[in-house]
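See structure below.
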Amino acid sequence: MTFLPFCLLPPAFCLFALELGVGTGLLTEKLKVFAPEAEFTGVDITSSMLNIARKRLGEWGNLVEADVYEMNLQETFDIAVSNGGVWEINQRGDRSDLGNDMKDIDEDIKGLTNVAKHLRQDGLFLLSIQGEHKSYQQNLPTGIVYSQEIEKIGENDEIESIEKCYFFKKDGEILAQQKLKLSYIKQWKKEEIMEQAGFSFVSVDESQKFHVYRKK
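Sequential numbering from 1 applies to the sequence shown in our numbering.
This is how it looks when you write it as structure tokens:
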């Protein structure tokens, strides 16, 4: 059974749920089945993703094109979830770092504080846990080879940055490629900025898929 982060709240009341970086609505589609009575809002900065999500969800839920760092939804929620679309927890050995897409720390504090403003008192904020990025390749059907290459491009006491390159190749020829720059706020600094933004750490959920924070 697929774990739904929304299960952490008791079903006895109408759930007001917010997904940050809703993308094409894959997680949301599961919530629609699990709790069709929920009041759901999904936010994403990419209109093409939201168009796919709308087709997937039909008329259910409210989808908003907005930057999570700047959004002003004029309502509050019981739970907010980032399933890797904006922030994630990156498990790096014995460290649990906060992953983002090269925003600086001040921007992250601003964005996380904005999330807290959209949560009710004692509302929950869930961050999905992702494994450490590693270089590897994998053979796909029809002779296509997928590979990813990871290179560290910077590090200081607070942040480590990497460049992640994806390749799809056939017979040695590159069919498609993409390059991303990602940064990871180290665990000690992550806890500091989460505190600044108005969150306290609760636990890792039973499925080991999410870090759970509570609005103070």
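Glycine included, each C-beta is placed from N, C-alpha and C at the ideal position. None of these values were measured; they are calculated from a predicted model.
Can you tell me where the beta strand (DSSP E) holding residue i begins and where it ends?
i: Gln130; result: 119–131
i: Val81; result: 77–82
i: Glu158; result: Neither: Glu158 is in no beta strand (DSSP E) and is coded neither H nor E.
i: Asn72; result: Element bounds for Asn72: n/a, residue is neither H nor E.
i: Leu180; result: 173–185
i: Asp97; result: 95–100
i: Lys237; result: This structure cannot settle anything about residue 237, because the visible part of the chain is limited to 1 through 216.
i: Glu37; result: First-last for Glu37: undefined, no H or E at that position.
DSSP on residue i, reduced to helix/strand/coil?
i: Gly42; result: strand
i: Gly61; result: coil
i: Gly198; result: coil
i: Val204; result: strand
i: Ala12; result: Note that Ala12 scores a pLDDT of 48, beneath 50, so its modelled location is shaky and nothing firm can be said.
i: Val115; result: helix
i: Ala66; result: coil
i: Lys170; result: strand
i: Gly85; result: coil
i: Phe3; result: Reliability of the predicted coordinates at Phe3 is poor, the pLDDT of 46 falling under 50, and the value obtained from them is presented with this limitation in mind. If DSSP states are grouped into helix, strand and coil, Phe3 belongs with coil.
i: Ala48; result: According to the sequence provided, residue 48 is Ser. The question's Ala does not apply to it. Correct three-state label for Ser48: helix.
i: Lys189; result: helix
i: Lys216; result: coil
i: Lys152; result: strand
Rounded to the nearest angstrom, what separates residue i and residue j at their Cα positions?
i: Asn114; j: Val212; result: 17 Å
i: Thr46; j: Glu65; result: 7 Å
i: Ala197; j: Arg92; result: 23 Å
i: Gln137; j: Gln177; result: 13 Å
i: Ile185; j: Glu191; result: 10 Å
i: Gln121; j: Lys55; result: 33 Å
i: Lys164; j: Gly23; result: 20 Å
i: Ser48; j: Gly25; result: 12 Å
i: Tyr146; j: Gln130; result: 19 Å
i: Asp78; j: Leu182; result: 29 Å
i: Gln148; j: Lys117; result: 37 Å
i: Ala12; j: Ala38; result: Any reading at Ala12 must be qualified, since the residue scores a pLDDT of 48, below 50, and its modelled position is unreliable; no value is offered.
Taking C-beta to C-beta, are residue i and residue j nearer than 9 Å?
i: Leu127; j: Ser82; result: yes
i: Asp171; j: Gly143; result: yes
i: Asn72; j: Trp87; result: no
i: Leu18; j: Phe40; result: yes
i: Ile159; j: Ile150; result: no
i: Glu75; j: Phe16; result: yes
In terms of residues, what are the limits of the alpha helix (DSSP H) holding residue i?
i: Val22; result: Premise fails: Val22 is in no alpha helix (DSSP H) and is neither H nor E.
i: Leu31; result: 26–34
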